[in-house]
Structure formats: structure tokens, C-alpha cells
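Trainee:
2 protein chains.
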Amino acid sequence: MATHPTIGESLRQEGYRLTPQRMMILAIIRDSSDHISAEEIHQKVRQQYPFVNISTVYRTLNLLKKLRLISETDLGEGYVRYELLERGRHHHLVCRRCGESFAFEHELLRPLQLRLLKEYGFTADVDHFAIFGLCQRCRPAEEMNDVRKEGQHGAA
Amino acid sequence: MATHPTIGESLRQEGYRLTPQRMMILAIIRDSSDHISAEEIHQKVRQQYPFVNISTVYRTLNLLKKLRLISETDLGEGYVRYELLERGRHHHLVCRRCGESFAFEHELLRPLQLRLLKEYGFTADVDHFAIFGLCQRCRPAEEMNDVRKEGQHGAA
DNA sequence: AGCCATTGTGCAAGTTGTTGCAATTGCAAT
DNA sequence: ATTGCAATTGCAACAACTTGCACAATGGCT
Ligand SMILES: [Mn+2]
Ligand SMILES: [Mn+2]
Ligand SMILES: [Zn+2]
Ligand SMILES: [Zn+2]
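Order-wise, the sequence lines are chains A and B. One point on numbering: in my numbering, the residue at position 2 of the first sequence is 2, and numbering is uninterrupted. One point on numbering: in my numbering, the residue at position 6 of the second sequence is 1006, and numbering is uninterrupted.
1) To the nearest angstrom, how far is it from the Cα of B/Arg1046 to the Cα of B/His1128?
2) Find out if the Cβ-Cβ distance for the pair A/Arg97, A/Leu85 is shorter than 8 angstroms.
3) Please list the partners that B/Leu1093 has in chain A, where partner means a Cβ-to-Cβ separation under 8 angstroms.
4) Relative to chain A, which residues along the segment 1130-1142 of chain B have a C-beta separation below 7 angstroms, given in chain order?
5) Is there a Cβ of chain B sitting closer than 8 angstroms to that of A/Arg96, yes or no?
6) Please go through the segment 66-152 of chain A and give each complete alpha helix (DSSP H) segment of 4 or more residues, from N-terminal end onward.
7) If you compare alpha carbons, which of B/Asn1062, B/Lys1118, B/Glu1072 is closest to B/Tyr1016?
8) B/Ser1037 by DSSP, collapsed to three states: which one?
9) Sorry if obvious, but does the Cβ on B/Ala1038 come closer than 7 angstroms to a heavy atom of ligand 2?
10) Residues of chain B with a CB under 9 angstroms from the CB of A/Leu108: which are they?
11) Considering just the uninterrupted stretch of the alpha helix (DSSP H) at B/Leu1026, what are its terminal residues?
12) Straight-line CA distance for A/Lys44 to A/Ile28?
13) Under a CB-based cut-off of 8 angstroms, is B/Phe1051 close to chain A?
14) Would you say the beta carbon of B/Leu1134 comes nearer than 7 angstroms to a heavy atom of ligand 4?
15) If you measure from the CB of B/Glu968, is any heavy atom of ligand 4 nearer than 7 angstroms?
16) Using alpha carbons as the reference points, say which of B/Arg1110, B/Ala1103, B/Cys1095, B/Glu1039 lies closest to B/Pro1140.
17) Using the three-state DSSP reduction, which class does A/Asn53 fall into: helix, strand or coil?
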């Protein structure tokens, strides 16, 4: 129940208030084993305090994002999900056909990050990417689909 | 005035109709020298045909996206912009502080694309990325900002 | 030309997320 | 304890985009 000191306290140390709403939101993000959406957070906070407004949830998420305590990522569901950044840097591959998503190592993005810094002096925020495409299983199916369409010319 | 045959015809060859609305939308995207937003397209189509609905614009953009004729990208303005994919593959760096955006070569993403394919069998859609971070000019300013905050502890 | 199935459009309502504003809260100096 | 002030909240309105549905347009078949 006691809010993990590190995250709540880093809020205060930046000069922000650790309000009850923020404590509840933080606890829920911390206790979630996976990515969590704003709506899910809102539902869970409401179980403790039914009057929280969804805009408070969004504002808190934006604050935590700005302080780089959480990261957001769009896994193609029509809304964004959030995750504690201290949970370890990683990224996701999302199949545009089956919707499945797989994590991949941050290492794979490091060479790009370095080249952007060297060639453009640009410090890229490489926190939590989602890259869309076709997974191994779906590629053959998609190609078959393309071939079928080309076939429409003469056939059928 | 005559719609560029290649794009309009590739629509038809996929079995979709080339309606007047779609012709107008296509012509506007083609005649735009830069990224263009749905709202901008809607405004311009309305000059020719005041009854088009914004949802037709969005539906057409989604169709063109699905057929990989256009690509979309979020440059951090609060809405998405679209560009003809045949205009040449490139990506963007967007500074989260000053909002400035710079293009960068597709070449820089190719090694990542290849590694994702080799290591995960994942065929990444690397059409038109926008990577956020700090540009060369803004990084010193941002660091100064961080230092000032740390100073709050004892000072002030 | 007339009919039918399919595709596309307009409209209104819905979803996710943001924002202006007035009221509340927290904090510190009196 | 009271006051002053900035940070935060709830609420309602808004913005970008999507979707369900009824009607219109299209294209194929006869
Ligand atoms: Mn993740
Ligand atoms: Mn571009
Ligand atoms: Zn798949
Ligand atoms: Zn900048």
C-alpha cells in the first residue's frame, strides 16, 4: 500500500506534489505486470476513489512521461499503453496482420542512436518503440493475398 | 486537372473505385509539395466540392495507406501528416523542445530492418518514421534546465 | 435499359486524448 | 490560525479520428 518511495519521491524532488490521486495512479502502474492503458488505470483508481476524473489520469501520465519515469507505446490497439521505464529498456515488433507483438532488445537500436548523434548531433529518445510490419507467420499469407489480387486481372 | 494515371489507376486495378472525391483527394496530395494533413486536404477539396465529408477524406487516406501509396507520420503537431510514398523513402528527426524537424536518409534504418528480419523473421514496414529527441541546438539548453532543477535542493 | 450485388458517401454518434476555467488543495510565510 | 500563491483537480467543451447505418453510385449481367 505504501507508495514505492523512489518514484513518488522523485516527483516531489522535482517540485511536484504527490497527491492521493497521483499515489493511486503510481501504485497501479507499479503493480501492473504489463503495459497498462489510461482507461485501465482509471477503472482501477475508481475502485478506491470513485470521483477521479480521467483527465487527471491523463495529466499524471503526461507528467510521468515528461520526467521519463514511464514510457508510452502504441501497440496498434487504438489507444496507448504505458510502462515503468525503470523496468528495463526494450521495444516491440507489432504484426499488422495478426496483431501479435514481440519484444526486442534495446541493443538493436543502439547503432542507429549513435549514428543519429554522430551524423546529425541529434539525441534520440529511444525509450519504447513499436515497429509495425509482418511477423514470420503472417508474411506468406500476405504474399498469397497480393498474388490473388494480381490474378484478378484476367481471372474471375 | 487530369488525375495522374499511375496512382488513380493502381486504385482501380486493386478493385477499388476511382470516385470524384478520391480523384480530388489524390490530386491535392499529388500537388502538395510537402506533408499534408487531413484537415488541409478537406479544406482544399471543399473549394471544388463543398459537400465532401471529413470522414471520406480519412477513409480515403486509410485506403491509400493500406495500399502503400501514401505514408503517414506524426511530427508532434497533434495530428498526422501524409505524403506520397513514391516521392522517395526518408524519415524525420523531431526536436521535442523546439519542434523543428529534419529529414534523414532511409539508409540509416536499413541495418535495423535487416537485423529484425534475420533475428526475428520480422518484415518491418519502414516507410516514414519520425524519431523524437533533442536537436543539436536544444541539447545544451535542456541540460542547463536539468541542472537548475537539481540546484533547487539546497538553493532558492 | 433494367436489375442486383457491391462499394462508397454523408451524417451523426462514438472514442481517445487535450484544454480552459473555476474551485480546491498544499505549502510556506506571516 | 490566517493569508497568499502556485499547483492540482474536476468538469465540460473541444479536437482528431473512427464507425454504424441508411442511402446513393457503380459496374456487371441480362
Ligand atoms: Mn514494453
Ligand atoms: Mn516526410
Ligand atoms: Zn502476424
Ligand atoms: Zn531543438
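Idealized CB from N, CA, C, for every residue including glycine. Predicted, not measured: the structure shown is a model, and the values here were computed from it.
Mentor: On the basis of the coordinates in this document:
1) 28 angstroms
2) no
3) Leu116, Tyr120, Phe122, Ala124
4) Ile1131, Phe1132, Gly1133, Leu1134, Cys1135, Gln1136, Arg1139
5) yes
6) 110-120, 138-151
7) B/Asn1062
8) strand
9) no
10) Leu1112, Arg1115, Leu1116, Glu1119
11) 1020-1031
12) 7 angstroms
13) no
14) yes
15) The displayed coordinates of chain B run from 1001 to 1156. Any statement about residue 968 of chain B would go beyond what the structure contains.
16) B/Cys1095
17) coil
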